[in-house]
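Contents: one structure, followed by commentary.
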Amino acid sequence: MSTGKILVVDDEDIVRTSCSRTLSPEGYDVRLAKNGAEGLKMASEERFDLVLTDLKMPDMDGIEVLRIIKEQWPETAVIIVTGYQTVDTAVKAIKLGAYDYIEKPFTPDALITAVREALTNKQE
Amino acid sequence: MLVKKSLQSLTGKLLFTIGTLMIIGSTLFWFFLFRHQEKELLQNSVKYGYSFVDYIKKSTRYGMLTFQELLIQQTVEAIGSAEGVLNVRILDSQGRVKYSSAKEDVGVILDTKAPICRTCHVEGGPTKDTPSWSIQRGDKDFRILNIIQPILNETACYTSTCHAHPKDQRVLGIIEANLSLEILDKSIKQQGIAITIYVLAFLFVISVVLCLILWNLVSTPVSMLAKGMERVAGGDLDYTININRKDEMGELANAFNAMNADLKKAKNELMDWGNTLEKKVQEKTEAIHRAQAQLIHSEKLASLGRMAAGVAHEINSPLTGIVTFGHLLLKKFPPGTQEREDIEVIIDQANRCSTIIKGLLGFARASAAEKALTNINDVLHSSMNIVRNKADFFDIKLITNFDPALLRVKADSSQLQQVFLNMIMNAADAMEGKGTLTLTTRNISENGRDFVEVEFRDTGPGIPADNLEKLFEPFFTTKPVGKGTGLGLAVSHGIIQDHDGKIRVKTKINEGSTFFIRLPAQRENT
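Chains as they are written, first to last, in the working numbering: chain B, 1 to 124; chain A, 125 to 650.
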């Protein structure tokens, strides 16, 4: 069983549930936030090993969430989840310190692999 | 009707005017000539009459002076019997006929009021002592010239021994002669007829000549001109008028022919201009249509791109749910069960949706391509390396004809690779995994500009003409359902357009298709 505290920030309920249903059985402690503000609030209350954030959200976009998290809790790994990937945003995200990005729709295996790699590398 | 029409024509009017003037002129001429002739003849007759009477006077003078009355009477009778002499009488101052060519008249006393006397005995005035004449109507057709000569008193008369006249008596008597004017009248009549005939003949000849002259000089050329005008008005610009004369009519005909030639020239120029104009307008219209079609195509792609971005964002999240929960369900059923197979179908179809969405996102390339000087040969090599080991390519012969001196192109190599891969995969699909794919690169110079051209030649079945038009339209595909999205060529087309390049295709049924991609090239020093 893997360990780690993961925060999922996504405005779509189905994506949040998918992540939680995929990662919880693997042993991860998964918390869900339905927007950027709620995610940041939760991040300030307890420490997370990894944040999975959607790129496009109504109030605050994933880049902004990434920027603030990396600013305040640099040790927290961030994976960007995106509906559609462009070179621009990918480059921007990596430059801002994102560990990886993952494209929707993703398979449970792809998500687990990405999360595992991020947490493993972080520990190293 | 015909006469009225003839009179309305120019020739008719001229003929009528000149004819009327000539008839009036000829009539006046005839009248004055006739009168002049008549007067001349009459004067001659009068002159003759005076000589005749003088001759009587001189013939009887001796008899008078010697008072031999018988001799006088015989002389008068002899003279009176001459041809053309009607009668000769000698009267005394009392009006008594003393001698006459008609014996029975002798002794008759004429009243001074008789017509004969009135010629001298003018009322209220003295008697004349000069000879006089008058014309009288005779019993027959001809007229009579009456000559009267007074016998004036002279020395021998009042000194004579016989029956001396008183010295103070001025007029002793008169000699009267009536001469027939039959010959004169006949002559006048004949001359009148002759003059009339001459005038009429003259009129006839002049009229005929005038008609001919007018016909030749005016009527014929005018009707030729009128006919010419009619023909030209009817559109016959080849018509020419042949009037070879140096007068005004000739000049008019030449001017007409020149005008006609100019008109024809102008018409031809106009027609040429019209024809080329039509062609030019047609060409322009076609160009506009092409540009419009291109614009519509680009606009279509752009709006599709915007829509795709939105759709992708909305659809990908539910797809994530389907895929995730599909997999969660999958774990609950052991392999080989029907339920597991059904769930696999759900996951496959969700993945298919995902593929379509990714294709659609080709249009949503919001960010500008990262263009750098690129060697097309290198991009092609790496594209071929990707496909070479794919099962689809095991039976496909790949031939490369790359120009080693190929110019470089300013391009986004990853986008170009997407295009090239698409071309190669399409060719493999078309050949159904069996055939030859030849890739060629070359430099091309056109209108002073350099281009690099990539050629993909397959040995597939070719593209039917119906499909050629729709080839680059999004979602157009001939592949089986599930195999192609119909977006590959549309996206490739968009990428090549972004690079200011062009894609075109040449195809022949059962022989294969060749796609050409042409991109603007850069010289190394620029």
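Where a beta carbon is used, it is the ideal one built from N, C-alpha and C, also for glycine.
{"query": "Report the three-state DSSP secondary structure of residue 490 of chain A (helix, strand or coil).", "result": "Here residue 490 of chain A scores only 43 on pLDDT, less than 50, and its place in the model is too uncertain to base an answer on."}
{"query": "Which residue from A:445, A:337, A:475, A:197 puts its Cα closest to that of residue 19 of chain B?", "result": "A:445"}
{"query": "Name the chain A residues that come within less than 8 Å of residue 65 of chain B, Cβ to Cβ?", "result": "Under the 8 Å cutoff, chain A gives no residues; its nearest Cβ is about 17 Å from residue 65 of chain B."}
{"query": "Find the residues of chain A that neighbour residue 12 of chain B, judging by a C-beta separation of less than 7 Å, and give them in chain order.", "result": "441"}
{"query": "Would you mind working out which of A:168, A:380, A:144 sits nearest residue 334 of chain A, comparing C-alpha positions?", "result": "A:144"}
{"query": "Could you name the residues of chain A that residue 107 of chain B contacts, counting a contact when the two beta carbons are closer than 7 Å?", "result": "447, 451"}
{"query": "Consult DSSP for residue 644 of chain A and reduce its assignment to one of helix, strand or coil.", "result": "strand"}
{"query": "Would residue 271 of chain A and residue 173 of chain A qualify as a contact pair, given that the criterion is a beta-carbon distance under 8 Å?", "result": "yes"}
{"query": "Would you list the one or two residues that DSSP bridges to residue 54 of chain B?", "result": "B:81"}
{"query": "For residue 56 of chain B, return the contacting residues in chain A, with the cut-off set at a CB-CB distance below 9 Å.", "result": "437"}
{"query": "Count the other CB atoms within 10 Å of the CB of residue 196 of chain A; is the residue buried (16 or more) or exposed (fewer)?", "result": "buried"}
{"query": "Just to make sure I have the definition right: I need the residues of chain A whose C-beta is within less than 7 Å of the C-beta of residue 22 of chain B. Which are they?", "result": "448"}
{"query": "Could you tell me whether the Cβ of residue 2 of chain B comes closer than 8 Å to any Cβ of chain A?", "result": "no"}
{"query": "Rounding to the nearest angstrom, what Cα-Cα distance links residue 158 of chain A and residue 373 of chain A in this structure?", "result": "42 Å"}
{"query": "Given a cut-off of 8 Å, decide if residue 96 of chain B and residue 154 of chain B are closer than it, judged by their beta-carbon atoms.", "result": "As displayed, chain B neither begins before 1 nor continues past 124, which places residue 154 of chain B out of reach and without an answer."}
{"query": "Do you know offhand how far residue 39 of chain B's Cα is from residue 82 of chain B's?", "result": "17 Å"}
{"query": "Hey, could you find the ends of the beta strand (DSSP E) residue 61 of chain B is sitting in?", "result": "First-last for residue 61 of chain B: undefined, no H or E at that position."}
{"query": "Would you grab the beta carbon distance between residue 521 of chain A and residue 479 of chain A for me? Rounded to a whole angstrom, and I think it's under 8 Å.", "result": "Contact flag wrong, Cβ pair sits at about 29 Å."}
{"query": "Would residue 184 of chain A be called buried (16 or more neighbouring beta carbons within 10 Å of its own) or exposed?", "result": "buried"}
{"query": "Can you confirm whether residue 34 of chain B, when its beta carbon is compared against all beta carbons of chain A, has any partner nearer than 8 Å?", "result": "no"}
{"query": "Nearest to residue 632 of chain A by alpha carbon, out of A:583, A:601, A:536?", "result": "A:583"}
{"query": "What did DSSP end up calling residue 143 of chain A once you bin it into helix, strand or coil?", "result": "helix"}
{"query": "In terms of DSSP beta bridges, what is residue 456 of chain A paired with?", "result": "The partner list for residue 456 of chain A (beta bridge, DSSP) is empty, contrary to what the question assumes."}
{"query": "So which residues of chain A does residue 104 of chain B contact, with C-beta pairs closer than 8 Å?", "result": "440, 441, 443, 444"}
{"query": "Is DSSP giving residue 45 of chain B helix, strand or coil here?", "result": "helix"}
{"query": "Any beta-carbon of chain A closer than 8 Å to the one on residue 18 of chain B?", "result": "yes"}
{"query": "Going by the beta-carbon positions, is the gap between residue 150 of chain A and residue 328 of chain A smaller than 8 Å?", "result": "no"}
{"query": "Which ranges does the beta strand (DSSP E) cover as unbroken runs of at least 3 residues, wholly within the stretch 382 to 428 of chain A, from first to last along the chain?", "result": "none"}
{"query": "Among B:71, B:72, B:65, which one has its Cα closest to the Cα of residue 80 of chain B?", "result": "B:65"}
{"query": "Between residue 47 of chain B and residue 34 of chain B, how many whole angstroms is the CB-CB distance? I'm expecting something under 8 Å.", "result": "Not a contact, Cβ separation roughly 21 Å."}
{"query": "Distance cutoff 8 Å, beta carbons only. Does residue 15 of chain B sit that close to anything in chain A?", "result": "yes"}
{"query": "Check for me: the beta strand (DSSP E) holding residue 576 of chain A runs from which residue to which?", "result": "573 to 581"}
{"query": "Going straight from the alpha carbon of residue 490 of chain A to that of residue 108 of chain B, what length do you get?", "result": "In this prediction, residue 490 of chain A scores a pLDDT of 43, lower than 50, which makes its location untrustworthy; the coordinate-derived value is nonetheless stated afterwards. Going by the C-alpha atoms only, they are around 29 Å apart."}
{"query": "Quick one, which of A:308, A:202, A:323, A:639 has its alpha-carbon nearest residue 147 of chain A's?", "result": "A:323"}
{"query": "I'd like to check one pair, residue 565 of chain A with residue 500 of chain A: are the Cβ atoms closer than 8 Å?", "result": "yes"}
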